[in-house]
DNA sequence: CAGGGCTTTGCAAGCGCTTGCAGTACCCTA
DNA sequence: TAGGGTACTGCAAGCGCTTGCAAAGCCCTG
């Protein structure tokens with residue numbers, strides 16, 4: 001293992017200078033700095049994070065708290081964050097809180113002091129704890145806005161307005177919303193966006209709260225038919241897929257008789273058959289953006305914007321269209 | 328933050344003794360030891376992992392390499408490993424290798440020295456690199472057996488033999504296997520187990536290799552029908568679900584005309600409608616077992632057994648049954 | 001040209017813990 | 001009683017890096 005001392009010797013500088021060339025480059029003359037960096041490259045040097053942590057308090061470890069890994073929605077977000085961390089020579093430790101607020105609090109206190117900061121994906125629960133925590137530790141909230149904290153969200157509401165616009169143009173007026181899990185922060189936002197953009201002439205039929213699963217989508221179909229909706233918007237593609245599946249089963253044609261669309265896109269899963277109309281976004285970008293914001297926070301630089309929005313674009317599939325006049 | 332020095336002072340011993348009471352308890356008189364432990368409790372002391380790492384080389388960080396997070400198969404495995412790590416006061420960092428052997432090698436070399444050990448889930452690629460790597464670093468291989476390395480696998484082959492037994496008893500003779508991704512180590516094992524247990528009177532029709540996705544399952548249906556199989560065993564439930572879905576679409580009744588079963592169980596995803604016959608196992612147990620084996624390795628204790636097997640039990644669903652005589 | 005300020009670099013003191021070595025006390029055997 | 005163990009404890013030297021402080025060199029201003 002090459003040490004910083006080796007690098008310093010190779011570059012003909014003292015250890016202090018070599019150290020500063022890496023962590024406070026602005027304090028070193030550019031010519032010296034490049035000599036050091038060249039030596040770093042040549043010797044394949046990587047700082048020993050333990051040694052750095054001991055003096056600076058920065059461990060190079062970042063924790064990401066997610067409620068579960070079973071929902072594939074989180075997977076690419078984690079992957080994106082992890083890559084961004086790796087690019088910055090940091091590690092990401094993923095902590096599953098299993099949706100329990102108590103466990104989340106436990107984890108946060110246990111880890112703070114061992115990690116430099118947190119990316120918290122907490123779709124449920126109240127703002128207060130998060131706010132209090134974020135006041136003392138660098139933290140970025142994902143897929144949720146907590147006033148006063150840095151956050152990164154997907155702009156699904158904007159995408160939903162586009163979707164509603166299209167449905168309205170196609171002549172849909174009764175739209176069912178298969179809502180997400182109980183207490184989901186995003187769910188409320190989506191529901192509001194739908195209702196608002198549907199306008200006074202439309203009617204939003206909310207079905208749920210529902211677990212975001214294939215089965216729940218299938219089971220919701222009866223309700224959809226009972227309420228005579230001509231279009232269904234689901235909280236995520238698992239629900240949408242379940243609905244399409246069950247509609248097939250009971251002999252309802254999609255999209256001729258009912259249109260189906262989804263707010264979250266789980267296409268990466270290979271869950272895309274048939275092509276469901278969805279909102280497409282870059283989940284890895286979400287993770288990366290969160291990590292970048294967090295690293296600014298950790299380094300004491302102000303984040304570019306407090307609330308980053310990742311665009312969600314309407315992606316037309318074969319499950320939406322003009323409703324048949326006889327329905 | 329309380330330091331070890333505080334504990335030592337409170338217990339009336341030197342720092343060395345306090346340190347040993349924690350990491351080498353056998354070297355300290357039991358009366359002294361309990362005084363130290365009492366002080367630790369009272370002051371709420373936690374060792375500073377960075378400081379410990381600096382001298383002892385043990386960072387308390389363990390890396391888990393998975394090919395991807397998009398496949399929900401890995402999610403509960405990771406969660407299980409993470410919980411086991413947490414219980415042992417260690418952190419788990421998840422690294423996604425995106426299936427590339429080069430990237431995997433990169434990650435392994437970059438991380439070794441920063442982590443105490445590895446859990447490697449490498450369903451594809453050759454043994455040689457893994458073997459070489461495992462010779463120099465504590466490592467446990469999951470879902471694969473590499474002779475000479477410690478590994479933990481799910482005993483799907485045994486489960487598949489049970490499944491085949493049932494299919495044969497039901498009168499199935501032509502069984503299609505929707506195989507997994509190209510180069511998958513497990514896939515070969517499963518295919519062999521099926522063929523062998525199907526016996527000389529049966530015929531195994533291998534379709535694939537296939538990506539383990541819903542869509543691929545749907546698209547494989549035509550081939551299944553062409554080859555006149557009466558039963559389908561899929562590499563995982565995503566494939567099975569896609570097949571069931573498409574069989575419905577083309578008007579083939581399940582299980583009256585064709586039985587469908589799956590080797591991997593992704594029920595946690597909510598992908599269980601309708602109830603597909605699968606092999607059920609405890610994926611979190613896999614992760615936890617791997618982590619426990621790894622910790623033994625790290626501590627220099629020999630692992631209990633070199634190759635741990637997690638049982639996979641046949642779970643009957645509504646998608647298998649006696650084939651109709653007219654098919 | 002003296003003095004002040006700025007930039008760049010080096011010195012050296014740790015950060016909190018582990019561990020090789022040495023010292024002390026005590027017990028056992030011959 | 002001397003010699004040799006054994007069991008326990010303390011001393012002190014780091015582990016690899018960061019950072020406050022100070023020195024050195026330079027440019028500018030008055």
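Residue numbers (my numbering), protein chains in the order written: chain H, 1 to 327; chain U, 328 to 654. Cβ coordinates follow ideal geometry from the N, Cα and C atoms, glycine included. Just so we're clear, the structure is a prediction, and the values are computed from it rather than from any experiment.
| Item | Value |
| --- | --- |
| Whole-angstrom C-beta distance between residue 355 of chain U and residue 344 of chain U, which should lie under 8 Å | 6 Å |
| Burial state of residue 645 of chain U, where buried means 16 or more other Cβ atoms lie within 10 Å | exposed |
| Members of the segment 601–620 of chain U that neighbour chain H once the beta carbon cut-off is set at 8 Å | none |
| Three or more C-beta pairs below 8 Å linking the segment 536–544 of chain U and the segment 477–496 of chain U | no |
| Stretch pair the segment 155–173 of chain H + the segment 124–140 of chain H: three plus CB contacts closer than 8 Å | no |
| Same chain only: Cβ atoms within 7 Å of residue 92 of chain H, ignoring 5 sequence neighbours per side | 62, 64, 81, 82 and 85 |
| 8 Å contact criterion, which residue 141 of chain H and residue 176 of chain H should meet: CB distance rounded | With 8 Å as the limit, residue 141 of chain H and residue 176 of chain H do not qualify as a contact, their Cβ atoms being about 30 Å apart. |
| Neighbourhood of residue 639 of chain U by C-beta distance below 6 Å, restricted to the same chain and skipping five residues each side | 481, 482, 483, 486, 606 and 608 |
| Which listed residue (H:73, H:68, H:296 and H:306) has its alpha carbon closest to that of residue 404 of chain U | H:68 |
| Residue ranges of each beta strand (DSSP E) within the segment 504–541 of chain U, 3 or longer | 530–534 |
| CB contact flag (residue 225 of chain H, residue 178 of chain H, <7 Å) | no |
| Complete alpha helix (DSSP H) runs within the segment 384–448 of chain U (minimum length 4 residues, chain order) | 401–414 and 428–438 |
| Cβ separation of residue 228 of chain H and residue 174 of chain H, assumed to be a contact under 8 Å, to the nearest whole Å | 6 Å |
| Cutoff 7 Å: residue 54 of chain H Cβ touching any chain U Cβ | yes |
| Residue 324 of chain H (DSSP reduced to helix, strand or coil) | coil |
| Continuous alpha helix (DSSP H) assignments of at least 4 residues falling wholly in the segment 569–638 of chain U | 610–625 |
| DSSP-derived helix/strand/coil call for residue 345 of chain U | helix |
| Where the alpha helix (DSSP H) through residue 314 of chain H begins and ends | Note, residue 314 of chain H: premise wrong, no alpha helix (DSSP H); beta strand (DSSP E) at 313–315. |
| Where residue 4 of chain H falls: helix, strand or coil (DSSP) | helix |
| Between the CA atoms of residue 465 of chain U and residue 54 of chain H - distance to the nearest angstrom | 25 Å |
| Other residues of its chain near residue 275 of chain H: CB distance less than 6 Å, five sequence neighbours each side excluded | 317 and 318 |
| Buried versus exposed call for residue 360 of chain U [16 or more other C-beta atoms within 10 Å across all chains shown] | buried |
| Selection of the segment 448–466 of chain U by Cβ proximity to chain H, strictly under 7 Å | none |
| Check whether residue 620 of chain U and residue 630 of chain U have beta carbons under 7 Å apart | yes |
| Three-state class that DSSP yields for residue 357 of chain U in the structure shown | helix |
| Proximity test, Cβ basis, 7 Å: residue 69 of chain H and chain U | yes |
| Residue 604 of chain U vs residue 647 of chain U beta-carbon contact at 7 Å | yes |
| Limits of the unbroken beta strand (DSSP E) element including residue 234 of chain H | 231–234 |
| Contact set between residue 563 of chain U and chain H, taken where Cβ atoms lie within less than 9 Å | Those within 9 Å of residue 563 of chain U in chain H number zero; the least Cβ separation is about 11 Å. |
| Meets three-Cβ-pair contact criterion under 8 Å: the segment 102–116 of chain H and the segment 431–445 of chain U | no |
| Other residues of its chain near residue 147 of chain H: CB distance less than 7 Å, five sequence neighbours each side excluded | none |
| Delimiting residues of the alpha helix (DSSP H) encompassing residue 491 of chain U | 483–496 |
| Residues near residue 497 of chain U in its chain [Cβ-Cβ closer than 6 Å; skip 5 each side] | 649 |
| CA-to-CA distance, residue 4 of chain H to residue 19 of chain H, given in whole angstroms | 7 Å |
| Any chain U beta carbon closer than 7 Å to residue 224 of chain H | no |
| Listed by chain order, chain H residues near residue 656 of chain U by CB distance under 9 Å | The requested residue 656 of chain U does not occur in the structure, where chain U is confined to residues 328 to 654. |
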